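In terms of the working numbering, the sequence shown is residues 1253 to 1507.
No residue lacks a Cβ here, since even glycine has one placed at the ideal position from N, Cα and C.
Treat the numbers as computed from the prediction; the structure is a model and nothing was measured.
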Amino acid sequence: MVTYRSPREWERMRDAGRVVARILRDVSKAAEAGVPLRELDAVAARVLREERATSPFLHYKPSWAPYPYPANICVSINEVVVHGIPDGRVLREGDLVTVDCGARLNGYCGDAAVSFMVGTGDEAGVRLVETTRVALERAIDRAVPGNRLGDVSAAVEETARNAGYGIADGSGGHGIGTEMHEDPPVPNTGRRGRGMRLREGLTIAIEPLVTESGRDATVTLDDGWSVATRDGSRAAHFEHSIVITGDGPVVLTAP
Ligand code: MF3
Ligand code: CO
């Protein structure tokens, strides 16, 4: 069931979204070569505590998951597309890192993700990251009343495929509000002019998951959570939570 939210609720989601933005900023700043991934999780935990917010990721247990999610954020390295668990592994110069995080504050959620290279990074990695960021930007631009969900999905898919990249199989965003995952699903593939009509008050997370090789196939790793590309090529991921308004899309997880 799709819920349309009021301007009062947009404000509360914006408050949660600001916390998400602060976590992403602080974690990105801490993400240097030599840092263990669980230290990044500790940075997120500290911000959440300071802001009196909680993580909607921690202990989250979708039906397909073998056990509840064990951390506050996801940290996905190189060929890991999404849901990487921050553990004792250490960041290395040149890694392509994605940090995905959420916050719940006063009953409302925000969810966002960024990818970046540790250090300078290689040219191909930088281009993959930049194209994925642009895919999100273009998809957000299409999220206006009167357009259809397929316009948003097609913006993601066209941006990735026109650059020679792939879209992780079955990936996409979701409605967001009092729960992190609500209706409607927001697929990363689709056709313009198809799908449900967008209306003011719809709050969604848009999240392109883009693969470097152009192939879409993924596998779940032995930890039961991490999703990696099947061919081992790298992937990038950006995400924002937004609200569709009569004045256009408003990014709720902006700094
Ligand atoms: N942004 C990710 C998603 O919407 C968040 C996953 S949360 C986790 O799928 F708890 F499942 F890791
Ligand atoms: Co999400």
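Item, Value
"Quick check: the segment 1310-1321 against the segment 1267-1277, are at least 3 beta-carbon pairs closer than 8 Å?", "no"
"Run the CB neighbour count on TYR1417, radius 10 Å, all protein chains shown included, and call it buried at 16 or more, exposed below.", "buried"
"Counting only runs of 3+ residues fully inside the segment 1369-1433, write out the beta strand (DSSP E) ranges in chain order.", "1424-1427"
"Do VAL1370 and ASP1347 come within 8 Å of each other at the CB atom, strictly closer than that value?", "yes"
"Between TYR1312 and the ligand MF3, is there a pair consisting of the residue's CB and a ligand heavy atom that are separated by less than 7 Å?", "yes"
"Could you tell me which residues DSSP puts in a beta bridge with ARG1449?", "ARG1400"
"What does the shell around the ligand CO hold, if a residue joins when its beta-carbon is under 6 Å from any heavy atom?", "ASP1363, GLY1425, HIS1426, ALA1457, GLU1459, GLU1491"
"Assuming the contact rule is C-beta atoms closer than 8 Å, CYS1353 and LEU1276 should be a hit. Round their C-beta distance to whole Å, please.", "6 Å"
"For LEU1292 versus PRO1322, is the C-beta spacing smaller than 8 Å?", "no"
"Indicate whether the contact test is met: 3 or more Cβ pairs, each with one atom in the segment 1386-1402 and one in the segment 1443-1462, closer than 8 Å.", "yes"
"Alpha carbon to alpha carbon, how far is GLU1345 from GLU1284? Give it in angstroms, no decimals.", "8 Å"
"Just the C-alpha distance for VAL1406 and ARG1260, rounded to the nearest angstrom, thanks.", "In the sequence as presented, Val is not what sits at residue 1406; that position holds Ala. Using only the alpha carbons, I get a separation of about 31 Å."
"Between the C-alpha atoms of THR1463 and THR1470, what's the straight-line distance to the nearest angstrom?", "10 Å"
"Using the Cβ count rule (16 or more neighbours within 10 Å means buried), how would you classify GLY1340?", "exposed"
"Please report the straight-line C-alpha distance between GLY1402 and LEU1300, rounded to a whole angstrom.", "34 Å"
"Could you give the first and the last residue of the continuous alpha helix (DSSP H) run that contains ALA1506?", "Unbroken run through ALA1506: none, as it is neither H nor E."
"Grouping DSSP H, G and I as helix and E and B as strand, with all else coil, what is PRO1320?", "coil"
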